[in-house]
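*Asks:* Here it is, the structure, as structure tokens.
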Amino acid sequence: MSAAPSVILLVEDDPGQADLIRANLEIANIQQEIVHVTDGCQALDFLQRTGPFCDRPPGSALVLLDLRLPRMDGLEFLRVLGSSKGIPRTPVLVFAAEDHPKMIAECYGLGCSLYFSKPFLLEEFLDTVSRLAGLIQAVSVPDGT
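Read left to right, the sequence shown gives residues 0 to 144 (numbering that gives the first Met the number 0).
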């Protein structure tokens with residue numbers, strides 16, 4: 000099985016936060032393409048290769064997900080992602096201002112891989128993203144269909 004190029008899908012509706020995360024990923028020399036969308040619906044389109052992303056080549060993705068989003072919030076995105084048979088298993092790092100144990104448990108229950116409460120230690124976040132991005136570049140994950 001050949002390695003698929005990985006993409007980091009940044010799901011963040013605040014342009015300032017998105018620019019800051021993107022800049023820090025680039026400073027950390029993370030080589031994966033970074034695709035930015037602003038809500039859960041667009042993120043699903045990307046992962047399903049539908050809508051504006053219908054021409055996207057197949058490949059694995061690492062999702063960086065904010066919870067407070069328009070149209071479809073992060074929790075609903077996790078619900079749909081977890082129940083979808085047509086989307087390959089996808090690692091999701093949630094970053095959110097919420098640090099309530101119930102919210103964190105709900106995210107893990109819905110399949111998030113890691114949860115970072117804002118503000119978080121930037122070095123720890125970038126190290127985690129770098130490791131996971133390298134892992135998904137090295138290993139293709141079966142789509143479960």
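All C-beta atoms, glycine included, are put in the ideal place defined by N, C-alpha and C.
These numbers come from a predicted model, not from an experiment.
Expressed to the nearest angstrom, what Euclidean distance is found between the alpha-carbon atoms of Val34 and Pro100?
*Replies:* One C-alpha to the other measures close to 30 Å.
*Asks:* Quick one, which of Gly108, Pro51, Arg70 has its alpha-carbon nearest Ser82's?
*Replies:* When only C-alpha atoms are compared, the closest one is Gly108.
*Asks:* For Ser5, name the three-state secondary structure that DSSP assigns.
*Replies:* DSSP places Ser5 in coil when its eight states are reduced to three.
*Asks:* Cutting at 6 Å between CB atoms, please list the residues of its own chain near Glu32, excluding the five before and the five after it.
*Replies:* Within the same chain, Glu32 has close Cβ partners Val6.
*Asks:* Using 10 angstroms around the beta-carbon of Ile86, count the other beta-carbons present and answer buried if the total reaches 16, otherwise exposed.
*Replies:* The residue is buried, with at least 16 neighbouring Cβ atoms inside 10 Å.
*Asks:* When DSSP labels each residue in this structure, what does Glu122 get in the three-state scheme?
*Replies:* Glu122 falls in the helix class under three-state DSSP.
*Asks:* Determine, using beta carbons only, whether Leu63 and Ile103 come nearer to each other than 8 Å.
*Replies:* Going by C-beta atoms, Leu63 is not nearer than 8 Å to Ile103.
*Asks:* Measure the Cβ-Cβ separation of Asn28 and Leu121 and say whether it is below 8 Å.
*Replies:* No, the pair does not count as a contact, with Cβ atoms beyond the cut-off.
*Asks:* Which residues does DSSP list as the beta-bridge partners of Ala60?
*Replies:* According to DSSP, Ala60 bridges with Val6.
*Asks:* Considering only DSSP beta bridges, list what Glu32 is partnered with.
*Replies:* According to DSSP, Glu32 bridges with Val6.
*Asks:* Which residues mark the beginning and the end of the beta strand (DSSP E) in which Leu170 is found?
*Replies:* Here the chain has residues from 0 to 144 only, and residue 170 is not among them.
*Asks:* Given this structure, state the Cα-to-Cα distance separating Asp13 from Asp38, to the nearest angstrom.
*Replies:* Cα to Cα, the separation comes out at about 10 Å.
*Asks:* Quick one: residues in its chain with C-beta nearer than 6 Å to the C-beta of Val91, no 5 flanking neighbours on either side, listed in chain order?
*Replies:* Hits under 6 Å: Val62, Leu64, Cys111, Ser112.
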